[in-house]
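For what it's worth, this note's numbering labels the leading residue of the sequence shown as 1390, then goes sequentially.
For every residue, glycine included, the Cβ atom is placed at its ideal position computed from N, Cα and C.
Just so you know, these numbers come straight off a predicted model, no measurement behind them.
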Amino acid sequence: MTMTYLRRALAAVTAFVLASAAPLAAQDTPAPEVVFTNVRVFDGTADTLSAPTTVVVRGNLIAAIGSDAAPTSPEATVIDGTGHTLMPGMIDNHVHMMFNSLSPAQMAAPDMGLEKVMALSAEQSRAMLLRGFTAVRDVGGPSFQLKRLIDSSRVMGPRIWPSGPMISQTSGHADLRGPDEPSRRFSGKMSKAEEIWASVVADGRDEVLTAVRENLRLGASQIKIAAGGGTSSEYDPLDVTQYTLDEMKAAVDAASDWNTYVTVHAYHPKSVRRAIEAGVKVIEHGNLLDEDTLRLMAEKGIWLSGQMLVDSTEAMDPKRREKRKPVIEGQKIVWPMAKRLGVKLAWGTDFLFEPDLNAQQNAYILRLKPYFTSSELLKLVTSGNAELLALSGPRTPYEGRLGVVEQGALADLILVRGDPLADIDLIGDPAGNFTVIMKDGKLVKGP
């Protein structure tokens, strides 16, 4: 992709999205202070709620917590929590902001350019924020411009840790070419997926280095590569291993030079062990892992970023349903085994090309109820996922601590009607139970 093309595309995207975006309501005009009174706090790390207390937000930070906390401005907005729960904003560590709003038919449509993808994604980002997800890690797609629009308050949405286009070998999980699109190396032509910055096909150490460095240049906070077969991809069987050790090391070398990390799409032990040897820090999925490999991950402090997916949906093509059967069966084994072995765990949804699933984002947390207590689940989607985000080090796009309610932390907060530690199902209905949502000290939803 030439830089001229990219600049023109991003300019068109910005104009299109701004013309299509919904009004930002109260998000763009924060009060000098917001004071939550009579709230019980889930701080992101404890197993119990606090006694009724007061939390003062000043600017974009939590300024004070305690019964003696008080506003310093006569213009402060005071919210009576009536004994309900104040908790950190939730984090989804595996999203595709640009492709969770598109069906396969839309993606393949001849007129589906980056600007239309962006407009649909802007709508979904707003809905995601209103479900209480104040931060996400995007692990594949051209989300850089959407992030800029959100950060400048021109579009509503969560904080985004972008990976940029997923990097894949030829015939790999992110080789999204159509059957009539030849290899760029042989034809000299970029595929449609590469033109809209959905993915990059890179073979050999040199191309991998270039692809990683280009993503970093554009603002990636971490790098995502495909290390094994997938269920939503056309060419790669589930059992294959992708990228040689040298190619994987090239990605890790380039990312570590920028003081950040590589995460890989991988399901089975061979691909995961190769990734670990290369220096990768996070495994996405891992549904087919055995006990020995999970134990190795625990010993080396490698994160497992997992999901709990449904068997199938109406939108799924029959071949995809069949291909994902072992993945669905495996996730029921891997989650409890990884927890027992002490693997560092993160959670995400991984909705892709099935826009009807987006509204179920909160409900997908509850699919882990058989394996986690209510407090463990709340920690997983707040402070636990925030710990993984922090792996980006100096490439982290937002200064400050997330996933906790403590003095000095960023003010990403949810006021929940009731006690989610006593009834975790409350978080599954954000429209009915999240009475206030705050991101960066600004009221997104509330009085």
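Residue pairing by DSSP places THR1426 opposite ASP1469 in a beta bridge.
Here the stretch 1796 to 1806 makes contact with the stretch 1444 to 1457; the two share three or more CB pairs at distances below 8 Å. For VAL1528, the three-state secondary structure derived from DSSP is coil. Between the stretch 1515 to 1534 and the stretch 1820 to 1829, the count of Cβ pairs shorter than 8 Å is three or higher; the stretches touch. Residue environment: ASN1774 is assigned as buried (16 or more neighbouring CB atoms within 10 Å of its CB, all protein chains considered).
Short of 6 Å from the beta carbon of ASP1700, and not among the five residues preceding or following it, lie these beta carbons of its own chain, in chain order: ILE1717. Burial check for ALA1667: the Cβ neighbour count within 10 Å reaches 16 or more, so the residue is buried. A distance of 8 Å or more separates the beta carbons of ALA1511 and VAL1467. When the Cα atoms are used, SER1560 and ASP1642 turn out to be separated by approximately 23 Å. Between TYR1650 and GLY1617, the C-beta spacing is not below 8 Å. Here TRP1736 carries a strand assignment [DSSP, helix/strand/coil].
Using a Cβ-Cβ distance cut-off of 8 Å, the stretch 1800 to 1811 and the stretch 1722 to 1736 are not in contact, since fewer than three pairs of beta carbons, one from each stretch, lie closer than that value. Residue environment: GLU1688 is assigned as exposed (fewer than 16 neighbouring CB atoms within 10 Å of its CB, all protein chains considered).
Taking the CA atoms as reference points, LEU1778 sits about 28 Å from ARG1806.
By DSSP's assignment, GLY1617 forms a beta bridge with THR1630.
Taking the C-beta atoms as reference points, VAL1525 is found nearer than 8 Å to PRO1547.
For the set LEU1832, VAL1669, GLU1603, the Cα lying nearest the Cα of LEU1780 is the one of VAL1669. DSSP, reduced to helix, strand and coil, places GLY1797 outside both helices and strands of the structure shown, so it counts as coil. SER1542 counts as exposed, since fewer than 16 other beta carbons sit within 10 angstroms of its beta carbon. In the DSSP assignment, LYS1828 is bridged to LYS1831. When DSSP states are grouped into helix, strand and coil, ALA1639 belongs to the helix group. CA-to-CA, the gap between GLY1675 and PRO1809 works out to about 29 Å. Restricting attention to LEU1769, ASN1751, ARG1662, the CA atom closest to the CA of GLY1821 is found in ASN1751.
Listed in chain order, the alpha helix (DSSP H) runs fully inside the stretch 1555 to 1582 are 1573 to 1576, counting runs of at least 4 residues.
Counting along the chain, GLU1596 sits inside the alpha helix (DSSP H) bounded by residues 1593 to 1607.
In the three-state DSSP reduction, ASP1457 falls in the coil class, being neither helix nor strand.
Shortest Cα-Cα distance from GLU1422 to any of PRO1463, PRO1786, THR1434, LEU1757 involves PRO1463.
Every alpha helix (DSSP H) stretch that sits fully inside the stretch 1756 to 1798 and reaches 4 residues is listed by chain position as 1763 to 1768, 1774 to 1778. Separation of the CB atoms of VAL1590 and SER1557 is rounded to 6 Å, and the pair is thereby assigned contact status at 8 Å.
A residue is called buried once 16 or more other Cβ atoms fall within 10 Å of its Cβ, and ASP1436, having fewer, is exposed. When beta bridges are read from the DSSP output, HIS1657 appears opposite no residue.
Out of GLU1743, ALA1640, SER1514, GLU1603, the CA that lies nearest to the CA of LEU1538 is found in SER1514. Spatial neighbours of LEU1677 in its own chain (CB-CB distance under 6 Å, excluding positions within 5 residues in sequence) are listed in chain order as TYR1656, HIS1657, GLY1719. Residue burial is scored here from C-beta neighbours: ARG1729 has fewer than 16 other C-beta atoms within 10 angstroms and is therefore classed as exposed.
If you draw a 10 Å sphere on the C-beta of THR1442, you find 16 or more other C-beta atoms in it, and that means buried. No Cβ-Cβ contact shorter than 8 Å links THR1771 with GLY1789.
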